[in-house]
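Engineer:
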Amino acid sequence: FSPSTLRAWTSHPLEAVKTASPESSTSSRLKRTKGFVDWAKDSGINYAGIELSSTESSGLGLYATQSLKPNNIIVSVPTSLTLSVEAPTDYNTAMEKNLFSSNPKAYRNAPWWASLAVQINYYDKINSMNDKAGVSIRSWMESLPRKYDTPIHWSDDTLKALQYNPMMEAVALQRRKWKMTYDDLANASKEFASSITYEDFVWGCETARSRAFSGAYSGSAFNPVPYATVLFLVAAYLGLGMGTIEQAANGAALVVCGSILKDFVLPKLLKVQKYVICPFIDMANHVGVGMSGNVAFEYFSDGFSLSTLKDVGKGEEVCIQYGPRNNDQLLQYYGFVEKGNVHDVYILPPIREWDISSLESACGRKVGVGRLEKLDRAGLLGRESNIQLGDSSNDEAANQIGGVVLTRATGIDPAVLQAMRALVSSDDEWANAGEAIGNFAEQSSPENERAAKLAIKKAMEMELESKPTSIEEDENLIKLMNAKNDSVDVEELLPIMFRLEKKKLLKEAIGNMY
Ligand SMILES: C[S@@+](CC[C@H](N)C(=O)[O-])C[C@H]1O[C@@H](n2cnc3c(N)ncnc32)[C@H](O)[C@@H]1O
Numbered sequence: 222f223s224p225s226t227l228r229a230w231t232s233h234p235l236e237a238v239k240t241a242s243p244e245s246s247t248s249s250r251l252k253r254t255k256g257f258v259d260w261a262k263d264s265g266i267n268y269a270g271i272e273l274s275s276t277e278s279s280g281l282g283l284y285a286t287q288s289l290k291p292n293n294i295i296v297s298v299p300t301s302l303t304l305s306v307e308a309p310t311d312y313n314t315a316m317e318k319n320l321f322s323s324n325p326k327a328y329r330n331a332p333w334w335a336s337l338a339v340q341i342n343y344y345d346k347i348n349s350m351n352d353k354a355g356v357s358i359r360s361w362m363e364s365l366p367r368k369y370d371t372p373i374h375w376s377d378d379t380l381k382a383l384q385y386n387p388m389m390e391a392v393a394l395q396r397r398k399w400k401m402t403y404d405d406l407a408n409a410s411k412e413f414a415s416s417i418t419y420e421d422f423v424w425g426c427e428t429a430r431s432r433a434f435s436g437a438y439s440g441s442a443f444n445p446v447p448y449a450t451v452l453f454l455v456a457a458y459l460g461l462g463m464g465t466i467e468q469a470a471n472g473a474a475l476v477v478c479g480s481i482l483k484d485f486v487l488p489k490l491l492k493v494q495k496y497v498i499c500p501f502i503d504m505a506n507h508v509g510v511g512m513s514g515n516v517a518f519e520y521f522s523d524g525f526s527l528s529t530l531k532d533v534g535k536g537e538e539v540c541i542q543y544g545p546r547n548n549d550q551l552l553q554y555y556g557f558v559e560k561g562n563v564h565d566v567y568i569l570p571p572i573r574e575w576d577i578s579s580l581e582s583a584c585g586r587k588v589g590v591g592r593l594e595k596l597d598r599a600g601l602l603g604r605e606s607n608i609q610l611g612d613s614s615n616d617e618a619a620n621q622i623g624g625v626v627l628t629r630a631t632g633i634d635p636a637v638l639q640a641m642r643a644l645v646s647s648d649d650e651w652a653n654a655g656e657a658i659g660n661f662a663e664q665s666s667p668e669n670e671r672a673a674k675l676a677i678k679k680a681m682e683m684e685l686e687s688k689p690t691s692i693e694e695d696e697n698l699i700k701l702m703n704a705k706n707d708s709v710d711v712e713e714l715l716p717i718m719f720r721l722e723k724k725k726l727l728k729e730a731i732g733n734m735y
């Protein structure tokens, strides 16, 4: 893992909306983690200049106990202490032998988060001994949150309060997938089925999804043995006069290349992903931009490190970035929403569902003959929303019907602007473009451009108006909730914060359309 390829979890502080602590009382969890900190020290985890502390907004986190300079390693964890899975296929001999001996493939072929959920539950409920490290990891397991507030647990009414279909569909898909995955594992192993319930499994999956990071590099750590052996053999070869220096160099190069191939080239070529949960580093919270911490794999020392990226003042939190996560991912898998999230997206319904006559009046043009059919053939209208949704291999994708994607960073999908240019083109513009959608990739005339953008703007305005509550109403609701003295009900607050952020993103995009 190089620092730049490492992708951990989700978002936080400066711009994070106060959502939920993963448990009702984080301070009681902090007490519980006292044993964890002692365990960490005894087990070879080194840390300096930081401590574990709790916040109202994001559960436990890592805080500087002194001012820290950039590029300092503040936590290092031996690889042997981590839990990890290699995808697409994970060969974990302990799990296969202890839980899936009759059908190891069931474990091997499970998705990464399910394989990690199996491991977490195994160490938590069956045997806490990590043979690789030669220590019990009970204290680490005890430091984990016991309950999560992610939407998989929400009632239909709470899900409806999100006012956002793609998220509701994503949760429905997640529920089907997690249950199916559990059933497959339970059918494959009596031991698994009798010792790990579906609720346990869901807890394990949530733990995996909210605490694992991943990177493309998945080879082994630096192993000096082949290099030392080569040196010895080369010396012996030359010393005994068995050949020329060129011959020795060729042989040595072959071995060195083999090691590099195994460690760096093959994992990339085979697209192997490694997912890792690392004790202690898994306590770092997320911030979307301006993170102060970075996680990396240390090839030569065979461990994971958390280091500072910039100055961190005493008492400040060290946050990492869990990857460029949008609010759908943050809410679904981490249980919080980031305010003004620069990575957020809005998925509008596919163009085929847009109200064409309203767009026509908004842009002052009529959709001419043949345009819609051409767009449909080019796949630009999206799919019919009443089709049976398949099981997507991308479980982050909440857009299986080809909805129109709008991102905070880059605005509306350029393909949609292209489609709209063609859709509202005059007969002359259409003929000039050879009736080919491809020729609308660039602006064809300022008038056409204006009409296309006005049509898109109208579609976005209609989307915003279709919401059961307005931005102002949502803001007032949140104010009222926060004004109440007793603790806020997370399940009530989170959907409002989520939908408010989506609406603000839409409003921003409308403002940018002219
Ligand atoms: C890797 S863990 C970090 C440690 C965690 N806070 C804990 O108490 O164990 C990820 C979880 O921390 C919380 N979290 C991280 N960043 C956050 C943020 N910016 N705002 C709110 N909660 C956050 C979420 O509950 C998330 O699922």
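One rule links them: number in my numbering = place in the sequence shown (from 1) + 221. Think of the CB as a built atom: it goes at the ideal place given N, C-alpha and C, for glycine as much as any other residue. These figures come from a predicted structure and were not determined experimentally.
Heavy atom of ligand 1 less than 6 Å from the Cβ of M504, yes or no?
Structural biologist: Indeed, a heavy atom of ligand 1 lies less than 6 Å from the Cβ.
Engineer: According to DSSP, is L593 helix, strand or coil?
Structural biologist: It is helical.
Engineer: Can the beta-carbon of A640 be found closer than 7 Å to that of L580?
Structural biologist: Not in contact: A640 and L580 (Cβ atoms no closer than 7 Å).
Engineer: Which residue spans inside the segment 277 to 327 form an unbroken alpha helix (DSSP H) run of at least 4?
Structural biologist: Entirely contained in the segment 277 to 327, the alpha helix (DSSP H) runs reaching 4 residues are, in chain order, 314 to 319.
Engineer: Would you tell me roughly how many angstroms separate the C-alpha atoms of N562 and V625, rounded to the nearest one?
Structural biologist: Taking the straight line from one Cα to the other gives about 19 Å.
Engineer: Give a yes or no on whether the C-beta atoms belonging to L320 and F413 are separated by under 7 Å.
Structural biologist: Taking 7 Å as the Cβ cut-off, L320 and F413 qualify as a contacting pair.
Engineer: Quick one, which of S376, Q553, A429 and M401 has its alpha-carbon nearest L365's?
Structural biologist: The shortest Cα separation from L365 among S376, Q553, A429 and M401 belongs to A429.
Engineer: For the alpha helix (DSSP H) that E670 lies in, which residues bound it at each end?
Structural biologist: That run of the alpha helix (DSSP H) goes P667 to E686.
Engineer: Quick check on G561: does DSSP put it in helix, strand or coil?
Structural biologist: In this structure, G561 counts as coil in the three-state DSSP scheme.
Engineer: Would you kindly work out how many angstroms separate the C-alpha atoms of Q542 and F434, rounded to a whole number?
Structural biologist: Computed Cα separation, rounded: 10 Å.
Engineer: Between which two residues does the alpha helix (DSSP H) carrying Y403 extend?
Structural biologist: Note, Y403: alpha helix (DSSP H), N386 to A409.
Engineer: Going by the CB atoms, is the gap between P716 and A382 shorter than 7 Å?
Structural biologist: The answer is yes: Cβ separation under 7 Å.
Engineer: Taking all protein chains shown into account, decide if G591 is buried (16 or more other Cβ within 10 angstroms of its Cβ) or exposed.
Structural biologist: Label assigned to G591: exposed.
Engineer: Tell me whether G534 sits in a helix, a strand or coil according to DSSP, three-state version.
Structural biologist: Here G534 sits in coil by DSSP.
Engineer: Nearest to K492 by alpha carbon, out of D263, E686 and E307?
Structural biologist: The residue with the shortest Cα to Cα distance from K492 is E307.
Engineer: Quick one: is the Cβ of T254 within less than 6 Å of any heavy atom of ligand 3?
Structural biologist: No copy of ligand 3 occurs in the structure displayed; its ligands are ligand 1 alone.
Engineer: Ignore the nearest five residues each way along the sequence and tell me which others in I417's own chain have a CB closer than 6 Å to its CB.
Structural biologist: N342, listed in sequence order.
Engineer: What three-state label does DSSP hand L701 in the structure shown?
Structural biologist: If DSSP states are grouped into helix, strand and coil, L701 belongs with the helices.
Engineer: DSSP on C540, reduced to helix/strand/coil?
Structural biologist: Strand.
Engineer: Can you look up T529 in the DSSP assignment and give me helix, strand or coil?
Structural biologist: T529: strand per DSSP, three-state reduction.
Engineer: Can you tell me whether Y555 sits near ligand 1, meaning its C-beta is under 6 Å from at least one heavy atom of the ligand?
Structural biologist: Yes, since a heavy atom of ligand 1 falls inside the 6 Å radius drawn around the Cβ of Y555.
Engineer: Going by the beta-carbon positions, is the gap between F521 and V296 smaller than 7 Å?
Structural biologist: Not a contact, by the Cβ cut-off of 7 Å.
Engineer: By how many angstroms is the C-alpha of Y448 removed from the C-alpha of L552?
Structural biologist: Distance between the alpha carbons of L552 and Y448 is about 47 Å.
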